[in-house]
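Residue numbers (my numbering), protein chains in the order written: chain A, 31 to 274; chain B, 31 to 274.
Worksheet: one structure, shown below.
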DNA sequence: CGTAAGATTGATCAGAGTCAACGTACGTGG
DNA sequence: CCACGTACGTTGACTCTGATCAATCTTACG
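Take a look at the structure:
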C-alpha cells in the first residue's frame with residue numbers, strides 16, 4: 031500500500047487551460063493528449079450540457095450523427111460491440127476531448143460514461159460554421175484530429191504486435207501521461223479491469239497477471255484502482271516504447 | 031483458377047489528372063474510396079514529384095516532419111518497426127491518399143513503396159496556407175482526416191478482438207472496397223503475404239491458412255496475388271463485419 | 001453483517017506462432 | 001530454349017502465449 035491522496039480520479043477541467051505538451055518521452059507511446067485550449071469556447075451556440083451517470087450511454091453505437099460531444103468532466107469510453115458480445119474500447123476520453131467528431135452518417139462507436147460525467151453536446155453544424163469563421167479554431171480542430179489519429183495508430187502497433195505484458199506497461203504510461211499527473215503521484219484509474227482488458231484486446235485475467243508481474247518486478251505499486259509508478263524508465267522498456 | 035481478364039482497371043481521376051499507372055502490375059490498383067477529389071490541385075505550389083521503386087523508402091521512421099506526400103500512383107505502406115524487428119503496417123495507401131499529414135514533430139510511422147510509386151511531395155506550410163485561404167479545401171481535408179480516423183478505429187477492433195480468420199476475410203473486403211473494383215472482378219493485391227500479415231497483426235503462415243480456409247469454403251478463389259470473391263455476403267459474415 | 005461486484009490467482013485448453021519442408025513462379029544466364 | 005536459382009507462397013508438426021474455466025479474496029455498500 032502506498033500513500034496517495036484520494037482526490038477525484040479525474041481532474042476538473044480548468045477552463046482555458048490545457049494539458050498541453052507532449053513530453054519527449056511521451057511522443058513515443060500512444061495517445062498524446064492534445065489539450066484543446068478552446069474548451070470554454072465550445073459551450074457557446076446551440077450547445078447543451080449533458081450529464082451521464084456511471085455506465086450511462088451517451089451515444090448509441092450506430093446512432094445517426096447529428097452532433098458531437100466534448101467531455102467537460104469525468105471519463106468516457108468509446109465502445110464497439112460485435113454481434114457475439116466481443117467488445118473493443120476505442121479510446122478513453124478525458125476533459126477537453128471530443129467524442130464523435132469524426133463520424134459520418136452514423137456513429138461507428140458508441141460512447142459510455144466510465145465515471146459520472148458531464149459533457150457538452152454540440153451540433154455538428156455549429157462546429158462546421160465556427161471552423162468556417164474562426165481560422166485558429168479550425169487549425170486547433172485539425173491539430174486535435176491529427177493527434178487522435180496518431181494515438182489511434184500507436185494503438186494499432188500495441189494491438190497488432192505487442193505482448194500482453196507490454197500492453198499493460200504501455201497502458202500505465204499512457205494513463206499517466208493523459209491524466210497529466212505530477213511525477214511520483216499515484217494514478218487513480220477511473221476504469222475497471224474489464225475496461226482495460228477491452229481497451230488492450232486482452233481478458234481481465236491477463237490484465238491482472240500483467241499488473242501483478244510489474245508489481246513483482248518492482249516497477250509499480252498497486253492498490254486496487256491506484257497505480258504508483260516506481261520506475262518509469264523500466265516501465266517504458268517493459269512496454270517496448272522504444273522504437274527501431 | 032478463374033478467368034481474370036487483366037484489363038487495366040484504372041479509372042480516370044475525377045479531376046483531369048489520370049491516376050497514371052507506372053507499371054503493369056500497378057495498373058490494377060487504382061482508386062481509393064476515400065480518395066479526395068482535389069488530387070490535381072495539390073500539385074500546385076512548392077510541391078515536387080517523387081518516384082519510389084518497389085520497397086523504396088519514402089519517409090524514414092522518426093524523420094523530422096517538414097512535408098507530407100500525396101500518392102499519385104502505385105501503392106504505399108506506412109510502417110512502424112519495433113526494436114526487435116516486429117513490424118506493424120499502419121495502412122496501405124492508394125492514389126489520392128495522403129501520407130504523413132497527421133505528423134507532429136517527427137513521423138511516427140515510416141512510409142515505403144509497395145509497388146513502384148509516384149508521389150507528390152507537399153510542404154506542410156503549403157497545406158496550412160491553402161487550408162487558411164480555401165474554405166472547401168479545408169473542409170475536404172477535415173473530412174479526409176475524419177475518414178482516416180474511422181478507418182484506424184475500425185482496425186482497432188480488428189486487431190483487438192477478431193480472430194485470424196476474421197481478419198483475413200475483413201482484409202479482402204477492405205481491399206475490394208478500396209481498390210474500387212467492379213463486382214465480380216478479381217482483386218489483384220499489390221502487397222505480399224508478409225505485408226498482409228504485418229497489417230493484420232498475424233504471421234505469413236496464418237494469413238495463408240486463413241486464405242486457404244476461405245478458398246476451401248468456396249468464398250473466394252485464389253491465384254497467387256489475385257483474389258476473386260465468390261460470395262461477398264458470406265465473406266462479410268466470416269469477417270464479423272456485422273455489428274451488435 | 002451479509003451480499004454482490006470486482007480483483008486476483010490457479011489449472012487447463014486452444015488459437016496462433018514457430019520451425020521446417022516443400023511447391024511454384026519468375027528472372028537470369030548459359 | 002532450357003537449367004538453375006531465388007523469392008515467395010503453401011502446408012504440416014509442434015510449441016507457447018493468452019483465453020477459458022474455476023475458486024478465492026477484497027472491498028464497498030445496503
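Every residue, glycine too, gets a C-beta built ideally from N, C-alpha and C.
{"query": "Within 8 angstroms, strictly: CB atoms of residue 205/B and residue 219/B", "result": "yes"}
{"query": "Reference residue 159/B; option with closest CA among 169/A, 159/A and 153/A", "result": "169/A"}
{"query": "Residue 118/B: contacting residues in chain A (beta-carbon distance under 8 angstroms)", "result": "186, 187, 190 and 191"}
{"query": "Neighbourhood of residue 245/B by C-beta, 8 angstroms cutoff - its chain only, sequence neighbours within 5 removed", "result": "251 and 252"}
{"query": "CA-to-CA distance, residue 225/A to residue 268/A, given in whole angstroms", "result": "21 angstroms"}
{"query": "8 angstroms Cβ shell around residue 263/A - same chain, five flanking residues per side excluded", "result": "none"}
{"query": "Assigned exposure category for residue 148/B - 16 Cβ within 10 Å defines buried", "result": "buried"}
{"query": "Contacts around residue 260/A, its chain only, beta-carbon distance under 7 angstroms, and the 5 residues preceding and following it disregarded", "result": "248, 249, 250 and 251"}
{"query": "Per-residue contacts from residue 113/B into chain A (C-beta, under 9 angstroms)", "result": "270, 272, 273 and 274"}
{"query": "Local Cβ density within 10 Å of residue 135/A, reported as buried at 16 or more and exposed below that", "result": "exposed"}
{"query": "Residue 168/A: contacting residues in chain B (beta-carbon distance under 9 angstroms)", "result": "161, 162, 168 and 172"}
{"query": "Residue range of the unbroken alpha helix (DSSP H) whose run includes residue 238/A", "result": "234-246"}
{"query": "Proximity test, residue 192/A beta-carbon vs the ligand COA heavy atom, cut-off 7 angstroms", "result": "Judged by which ligands are present, the structure shown has none, so any question about the ligand COA falls away."}
{"query": "Alpha carbon of residue 133/B to alpha carbon of residue 180/A, nearest angstrom", "result": "7 angstroms"}
{"query": "Residue 181/A - DSSP class collapsed to helix/strand/coil", "result": "helix"}
{"query": "Buried/exposed call for residue 272/B, threshold 16 Cβ in 10 Å", "result": "exposed"}
{"query": "Inter-stretch contact at 8 angstroms, needing at least 3 Cβ pairs: the stretch 82-92 of chain B / the stretch 192-201 of chain B", "result": "no"}
{"query": "DSSP state of residue 206/B mapped onto helix, strand, coil", "result": "helix"}
{"query": "DSSP-derived helix/strand/coil call for residue 221/A", "result": "coil"}
{"query": "Chain-ordered chain A contacts of residue 203/B [CB-CB under 8 angstroms]", "result": "Here the premise fails: no neighbours, minimum Cβ distance about 16 angstroms."}
{"query": "Identity of the residues DSSP links to residue 118/B by a beta bridge", "result": "110/B"}
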